[in-house]
Amino acid sequence: MVAGDNKNARAVAAALAGMGNFRPMLVFNAETVAVLMGMLLIHDVRNPASVASPSTPLGHPLELLSAQAFHGGSFRVGVKPAALGRLFAITGFLFPSDPRPTSAGQLQRGSSAESVA
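The opening residue of the sequence shown carries number 5 in this note's numbering; numbering runs sequentially from there.
Put into structure tokens, the structure is as follows:
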């Protein structure tokens with residue numbers, strides 16, 4: 005899942021492996037994210053009422069981030085977002101799991117996120 009010469013690859017892999025210990029957190033496959041982001045881009049370009057359109061009035065600039073948020077559950081966990089990375093990495097090193105959904109919608113448990121591609 006995480007590879008290359010990135011000096012943080014091991015910590016990122018551990019954080020992804022630790023996410024499964026905190027429901028409702030999910031890590032989506034790259035193919036799923038690519039399709040979703042492409043669809044959101046098309047929506048933003050073609051829909052004149054999209055919050056990304058310069059002609060759409062915003063109540064607050066952060067509406068750009070919240071209107072079509074796809075956060076995988078991070079805002080539904082009772083922990084501050086800044087602390088999540090360290091918390092996930094620690095639990096990923098100690099109790100690795102695979103937080104990606106299966107085809108049946110259930111979370112995979114008991115396998116390392118590094119070993120599942």
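Ideal Cβ positions, reconstructed from N, Cα and C, are used throughout, including at glycine. Keep in mind that this is a model prediction, so the values were computed, not measured.
Would you mind sorting residue i into buried or exposed? The rule is 16 or more other CB atoms within 10 Å of its CB.
i    : result
A19  : buried
F92  : buried
G96  : buried
S101 : buried
A21  : buried
A108 : Caution applies to A108, whose pLDDT of 48 falls short of 50 and renders its modelled position unreliable; the model cannot decide the point.
Grouping DSSP H, G and I as helix and E and B as strand, with all else coil, what is residue i?
i   : result
A90 : The amino acid occupying residue 90 in the given sequence is Arg; Ala does not appear at that position. DSSP places R90 in helix when its eight states are reduced to three.
S27 : The identity of residue 27 in the sequence shown is Arg, whereas the question assumes Ser. Reduced to three states, the DSSP call for R27 is coil.
D9  : coil
T95 : helix
A34 : helix
S70 : helix
Any C-beta of chain D sitting closer than 9 angstroms to the C-beta of residue i?
i   : result
A34 : The chain inventory of the structure shown lacks chain D, comprising one protein chain alone.
Less than 9 angstroms between the C-beta atoms of residue i and residue j, yes or no?
i   : j   : result
V31 : G24 : yes
S54 : H47 : yes
L68 : A86 : no
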